[in-house]
Each structure stands twice: as C-alpha cells, then as structure tokens.
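Note that the working numbering has the sequence shown beginning at 1, numbered continuously upward. Cβ coordinates follow ideal geometry from the N, Cα and C atoms, glycine included.
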Amino acid sequence: MTTENTKENHSFSANTKQLLQLMIHSLYSNKEIFLRELVSNASDAADKLRFLALQNGDLYEGDAELRVRISADKDAKTVTISDNGIGMTRDEVISSLGTIAKSGTAEFFKNLTGDEAKDSQLIGQFGVGFYSAFIVADEVTVRTRKAGETQAVEWQSKGEGEYTLADIEKAERGTEIILHLREEELEFADDFRLRSIVTKYSDHISIPVEMYKAPVPESEGPDGEKIEAQPGEWEGINRATALWTRDKSEISDEEYKEFYKHVGHDWEEPLTWAHNKVEGKTEYTSLLYIPKKAPFDMWNRDRQTGLKLYVQRVFIMDDAEQFMPSYLRFVKGLLDSNDLPLNVSREILQDNKVTQAIRKGCTSRILKMLDRMGKNKPEDYQTFWNEFGQVIKEGPAEDAANKEAIAKLLRFSSTHTDESVQNVSLEQYIERMAEGQDKIYYVVADSFEAAKSSPHLEIFRKKGIEVLLLSDRVDEWMMSHLTEFAEKSFQSITRGDLDLGDMEDEESKKAQEESEKQVEGLVERIKEALGDKVKEVRFTHRLTDSPACVVVDDHDMSSQMQKLMESIGQSAPESKPIFELNPEHQLVKHLNVEQDEDKFAQWSEVLLDQALLAERGSLKDPAGFVARLNKLMLDLSK
Numbered sequence: 001m002t003t004e005n006t007k008e009n010h011s012f013s014a015n016t017k018q019l020l021q022l023m024i025h026s027l028y029s030n031k032e033i034f035l036r037e038l039v040s041n042a043s044d045a046a047d048k049l050r051f052l053a054l055q056n057g058d059l060y061e062g063d064a065e066l067r068v069r070i071s072a073d074k075d076a077k078t079v080t081i082s083d084n085g086i087g088m089t090r091d092e093v094i095s096s097l098g099t100i101a102k103s104g105t106a107e108f109f110k111n112l113t114g115d116e117a118k119d120s121q122l123i124g125q126f127g128v129g130f131y132s133a134f135i136v137a138d139e140v141t142v143r144t145r146k147a148g149e150t151q152a153v154e155w156q157s158k159g160e161g162e163y164t165l166a167d168i169e170k171a172e173r174g175t176e177i178i179l180h181l182r183e184e185e186l187e188f189a190d191d192f193r194l195r196s197i198v199t200k201y202s203d204h205i206s207i208p209v210e211m212y213k214a215p216v217p218e219s220e221g222p223d224g225e226k227i228e229a230q231p232g233e234w235e236g237i238n239r240a241t242a243l244w245t246r247d248k249s250e251i252s253d254e255e256y257k258e259f260y261k262h263v264g265h266d267w268e269e270p271l272t273w274a275h276n277k278v279e280g281k282t283e284y285t286s287l288l289y290i291p292k293k294a295p296f297d298m299w300n301r302d303r304q305t306g307l308k309l310y311v312q313r314v315f316i317m318d319d320a321e322q323f324m325p326s327y328l329r330f331v332k333g334l335l336d337s338n339d340l341p342l343n344v345s346r347e348i349l350q351d352n353k354v355t356q357a358i359r360k361g362c363t364s365r366i367l368k369m370l371d372r373m374g375k376n377k378p379e380d381y382q383t384f385w386n387e388f389g390q391v392i393k394e395g396p397a398e399d400a401a402n403k404e405a406i407a408k409l410l411r412f413s414s415t416h417t418d419e420s421v422q423n424v425s426l427e428q429y430i431e432r433m434a435e436g437q438d439k440i441y442y443v444v445a446d447s448f449e450a451a452k453s454s455p456h457l458e459i460f461r462k463k464g465i466e467v468l469l470l471s472d473r474v475d476e477w478m479m480s481h482l483t484e485f486a487e488k489s490f491q492s493i494t495r496g497d498l499d500l501g502d503m504e505d506e507e508s509k510k511a512q513e514e515s516e517k518q519v520e521g522l523v524e525r526i527k528e529a530l531g532d533k534v535k536e537v538r539f540t541h542r543l544t545d546s547p548a549c550v551v552v553d554d555h556d557m558s559s560q561m562q563k564l565m566e567s568i569g570q571s572a573p574e575s576k577p578i579f580e581l582n583p584e585h586q587l588v589k590h591l592n593v594e595q596d597e598d599k600f601a602q603w604s605e606v607l608l609d610q611a612l613l614a615e616r617g618s619l620k621d622p623a624g625f626v627a628r629l630n631k632l633m634l635d636l637s638k
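Given below as structure tokens:
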C-alpha cells in the first residue's frame, strides 16, 4: 500500500508532455488500439523475462506460466491490464514512463505539421505504445515490481504534465496498468468489447491473454434438470501460438498485418511481407516485412535497427542487426533459429557461420521480393522507392555479391521523363537504347533542375539519346561502385572525352572538323590565358547551345564526390577541370577574333566561370566573376 505523504511529484519532459497532448487529439478516431499497444508491451515483458530466466531460473519466483490478464470494472470505470513478465525498477519507470528517451526525438517534433492526419502517422512511426493509454483514460496508474527485486513502485498521472511516484508492496512480479476511463469511453469497461479487440488485434500473441469468466450459480434447465454451478476462472481468449510457427496457409493477410504492427511497432500496415521456413544445413524461420513509410529517424546513426531474434521460439533480443545489411535496415520482422545457442550474444553473432548463412538467405529473399514487387506491382514499388530508394542506393558499395540484383531495383529520373520522379529502371533504359548505343549514359548534379539543364545533355537531346539524371547526395558514391549492368557499361557524360561510337555519322564528323578549322589556334591561346586554372583546353561537340563546359578526366575525382567528402569532414584531392569549347558558338567565334589580349583573357575566364557555375553550382571567387563580367559588358556598350 501507499499513502499520500510518500508520493513524490515529478514533471514530464517537455517532449513527453507535447506528445501526450498530440496523441490524445490525433488518434481519437482509432482509440481501440490502446489495448493492442498495452498487450503488446506486456508480451514483450514476458519475452524478456523468459530470456533472462535462461541464465537465472530464480527470476520466475516459482511461477513460470507467463500470461497477460485483462479485467474491467464498470462500477469503478476502470480497465486493468496486468502481466507477470520482467517488471520495472524505480529508475526504469522514470526512464520509460517519465520521458521519451529515444534518439531522433528533436527530429520528430521538427517534422510535426499541425495537420492531425499527417501528425498521427508520425506518432505511429515513433512507436509510443504506452502513452496510447491516455486516449481513453483521464488517469493511469502503473504498479510494477521487477523480477528478482523486493521493492515495487507505483506511477500515477493524468497526462497533463506531471506524474507521481511512490514505493509500494506488490506480491507478484510484473506490471499492472489501471486505466481510469473517461466518461465518454465507458464502452471499454465491457468484457465483450475487450474480448473482440483482443481477438482482432492480439490473437497472435505467443503467451495467453486471459480474461476472467464470472462464476455461474447452480440452476435448473428448461426440462427441470439440474445444471451444475461453474466456478469463476481466468480463461485464454487468444490462440497463444507464435504466429510464425503456424503454416502459411492457415494465416490470413489480416493476421500478418496485425502481427507486423506488433513486431514493427508501427501503426501503418506493411507494404508486403515474406514468411519462409528454411530446412537443410541451416534451419530457421523468417517473417520479413517491408514497411509502407520510412521512420522519421532513418538517417540517425544512433537509431537501432535489425530483426527480433528467437532461438527455438525463445526470445533472445530486439534489433539483431547482424542478419540484414545496412542498406536493408528498413526491413522489420523476426528470425527463429534452431541452430544458434540459447545463450547467444551480439558478439557471438558477429562472426558466427550460422549468422552469415541466415544473413545471406534473408538478404536474397528481400531482394527477390522487391524485384517481384517492381515487376508485378509497380505502384506499390514506387511507394517503396519514394520512401527507401536512397537507402537502397547504398547497396552497390556495401554488397558486391548482390550488385546486379540491387541494380535491378534502382530507379532514376531521365531525359525521357518530364518530372523529377524516379521511375526508370535500368532494364527499361536498355530496352529503349538508341541503335548503335552500347553505354548507359548518366549525369550527376546537385539537384534535379541542375541535372536536367546541364549543358552536357545538349548533344544527347539533339540525337534523342536517353540520359539518366541523378541528383541524390548518395548518387556519386553509388556510381563509383556501379560500373556495368547487363553487360552495358555506365558512362558519365561529364567525365572524359565524348565518344558516341556508332551513333556518330560521317556528315556530322566532317561538319565538326570544318568548324574547328575556322577557330584554329584558339585552344592554345586560351590555355595560355588561363594557365594552371585548367588541366586541358580542347574542342568538343557535346554542346549545341552553350559556348563551353567543364569535364573531369577519367581518373580524377568529380566535383560532386569532392562535395560529398567535404560534407563528411574528409579532405578531397583538388583536381583541375578540362575546359571544353563549342567551336560553332558565336561567343567562341567572337573570342577567336579578339585582338586585345587583356579582353581575351577576361573573356576566357568568364567563359570558364560560367562553365564551372553550371557544373558545380558555385564559384571560389564569385566577386571576381561579377567584376570581369561587368567590365566586359561596359566595354560592349561603348
């Protein structure tokens, strides 16, 4: 028991208070999920006790029958959810219920829009299960004692900014949550209503979920026969069988979807899933899900990722990241191995051959599942790509063994699409390659707009050759590891000399040679004027509308890669650009007849700066560029 003078008053963290208010208002239309969330937490507590008891059987305290119990009291207007799982210490209560100690919290609140529908989706991504109790309750009491400890603690709050803590006595280990229902939520004090919610959302929980069956007094039947009295008892209302152990043919899509919400701590339905039992040298069951939405903290380095790991149906750990490569870190689900030891640790998993075999199998399964989705359900795949495409792009650098399979999953913008949406596959690109084309052409820029307006595209547009437009931060890194696909090599149109091979006709070649003769000697003059600012000056016929452009040598680092390295604090070797001129452009022809060497040098630098600006989006000396341009404009106006 506890008394008022033993209670301590505490304040919620600011983030927790804000989240509670948001949840109460945003999720009111789906309020019955509070029970799913609390039962799911109770199940997790049982799993954790079962695992710890492998090393210390005394934690069971003589009661190894794990269960969750739900009861309602209409008179008291309460619903109680109790478990005999691991329980919590005082410090754990403060950490778990008094604050949201989760990486990315600031990012979560920064993404709030004020739109209740959108913000409720963010809450689902955040996974704040316990706090859903305040959707239906105006006060919540939590009584808990950790297994193996003697001291219990009581937590109480009305969800308005404060909570109280008090030391209490509690005979049973585990946690009891009492919801004091709001007047308008008394429907949840009905046993039948609670049973229907458990059947709908929590039938898959692997431990019994029980409700009390009231005693039935002795009575007389319609024919006068005596009907024996039935004592009151707790009875299971769910299957209490781990869903992944059942045959796939026995599991409905709705059951798979509800189990995902439990295992993935997500309130959205999954996009797709794969349930497989593998037998042979390595025996395991996997149930893997692709989420519909990316978590708000997907790029947070401290974020824990991975699969739930079970060994012979015994829960071992959350977030076992060893079974999935980093570029598939969005995959949720579980593994149940028959080959790993029950006392397995993260360190043992790291170099374990069984782990490696399971990781290889699960990676292959996800890649095939995504490939099928891309071919059979393109709309679903586009949804997936919009959420997780940038993560998949890390794959070619990380997983050389599956590079070809990953490349099939990639989607790009291109010059053959009007919008920035990335929906062109490499297989589609190859199918519509121009006659005589043997390379996959691409350009990398800082933005889609910069890529689409790159001067390097001019000759390709003229000849109707498709070019992939890459503008994500990871793209340059990805392409440095992706050299070919389906025996077609990749070619950056901003790197090296342009060779269109069989797509170049003789008439065009003769016209090019003639235009170069008309400005013969210009290359040497510009090289002398620019000095060591450029690596080389040469004519090009990749341009049709622009006077000049810059490219990098085949073996030099591109400007995008330099920017990427600098953004992560790495020094990048400086490489000088190759300056290419369009001999048919009027500015280049004007430059050829300019006799004033000072003006010639200024024009040369202005053309170089323009080309650098188009390629890199910025200049080292923008003020110098403006001054030179202004001087030349004034000279022309005289």
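{"query": "Heavy atom of the ligand FMN within 7 Å of TRP267 beta-carbon", "result": "Among the components modelled here there is no ligand, and therefore nothing to report on the ligand FMN."}
{"query": "Candidates ALA147, MET211 and ASP73, of which the one nearest THR89 by Cα", "result": "ALA147"}
{"query": "Cβ-based neighbour list, ALA101, same chain, cut-off 8 Å, excluding 5 preceding and 5 following", "result": "Legend: pLDDT at ALA101 = 43, less than 50; position of this residue unreliable, value from coordinates given subsequently. Answer for ALA101: SER95, listed in chain order."}
{"query": "CA nearest to the CA of GLU184, picked from PRO231, VAL136 and ILE168", "result": "VAL136"}
{"query": "Cβ separation of ILE392 and ASP399, assumed to be a contact under 8 Å, to the nearest whole Å", "result": "That pair is no contact at about 11 Å."}
{"query": "Three-state secondary structure (DSSP) of VAL519", "result": "coil"}
{"query": "Straight-line gap, PHE330 to PHE388 (C-alpha atoms, nearest Å)", "result": "8 Å"}
{"query": "Touch test, the segment 589-597 against the segment 531-538, Cβ-Cβ under 8 Å, three pairs minimum", "result": "no"}
{"query": "Residue closest to ASN41, alpha-carbon to alpha-carbon, out of GLU61, ASP167 and ILE177", "result": "ILE177"}
{"query": "Rounded separation between VAL140 and LYS158 - CA only", "result": "6 Å"}
{"query": "Nonlocal neighbours in the same chain, by C-beta distance under 8 Å from ARG195, ignoring five residues either side", "result": "MET211 and ILE237"}
{"query": "Whole-Å CB distance - LEU271 paired with PRO295, under 8 Å assumed", "result": "With 8 Å as the limit, LEU271 and PRO295 do not qualify as a contact, their Cβ atoms being about 14 Å apart."}
{"query": "Buried/exposed call for GLY104, threshold 16 Cβ in 10 Å", "result": "Note on GLY104: pLDDT 49, under 50, position unreliable in the model; the coordinate value appears next. Looking at its Cβ environment, which holds 16 or more other Cβ atoms inside 10 Å, GLY104 is buried."}
{"query": "Helix, strand or coil at ALA72 according to DSSP, with G and I counted as helix", "result": "strand"}
{"query": "Contacting residues, own chain, Cβ-Cβ under 7 Å from ASP318 (five flanking each side not counted)", "result": "LYS308"}
{"query": "LEU409 beta carbon less than 8 Å from that of LEU370", "result": "yes"}
{"query": "Through-space distance from ARG359 to HIS180, alpha-carbon basis", "result": "46 Å"}
{"query": "Residue of ILE205, ILE316 and LYS257 minimising C-alpha distance to TYR289", "result": "LYS257"}
{"query": "Proximal residues to THR3 (C-beta, below 7 Å), its chain only, five neighbours per side dropped", "result": "Summary for THR3: the model assigns pLDDT 48, below 50, so the residue's position carries little reliability, and this model does not support an answer."}
{"query": "8 Å contact criterion, which VAL443 and THR494 should meet: CB distance rounded", "result": "6 Å"}
{"query": "Three-state secondary structure (DSSP) of ARG90", "result": "helix"}
{"query": "Residue burial classification, VAL378 (beta-carbon count within 10 angstroms, cutoff 16)", "result": "Inspection of the sequence shows that residue 378 is occupied by Pro rather than by Val. Exposed: under 16 other Cβ atoms inside 10 Å."}
{"query": "Nearest candidate by alpha-carbon position, reference PHE34, set THR80, TRP299, LEU59 and ALA46", "result": "THR80"}
{"query": "Chain-order list of residues whose beta-carbon lies under 6 Å from that of GLU154 (same chain, five-residue window excluded)", "result": "THR2, ARG143, ALA166 and ILE168"}
{"query": "Helix, strand or coil at GLY104 according to DSSP, with G and I counted as helix", "result": "Confidence at GLY104 is low in this model, with a pLDDT of 49, below 50, so its placement is unreliable and the value that follows should be read with caution. DSSP places GLY104 in coil when its eight states are reduced to three."}
{"query": "Enclosing beta strand (DSSP E) for LEU587 [first to last residue]", "result": "Where LEU587 is concerned, there is no enclosing beta strand (DSSP E), although the alpha helix (DSSP H) it sits in stretches over 586-593."}
{"query": "Proximity below 8 Å, CB of GLY333 to CB of VAL278", "result": "no"}
{"query": "DSSP bridge partner residues for GLU484 (one or two, in chain order)", "result": "SER489"}
{"query": "Host beta strand (DSSP E) of LYS439 (start-end)", "result": "439-444"}
{"query": "Bounding residues of the beta strand (DSSP E) (the contiguous stretch that carries VAL537)", "result": "536-539"}
{"query": "Cα-Cα separation between VAL519 and TRP385, rounded to whole angstroms", "result": "49 Å"}
{"query": "Distance, TRP603 Cα to LEU581 Cα", "result": "13 Å"}
{"query": "Opening and closing residue of the alpha helix (DSSP H) in which ASN582 lies", "result": "Counting along the chain, ASN582 falls outside any alpha helix (DSSP H), and DSSP gives it neither H nor E."}
{"query": "Start and end residues, beta strand (DSSP E) containing MET373", "result": "Here MET373 belongs to no beta strand (DSSP E); instead the alpha helix (DSSP H) covers 353-376."}
{"query": "Neighbourhood of HIS541 by C-beta distance below 6 Å, restricted to the same chain and skipping five residues each side", "result": "GLN512"}
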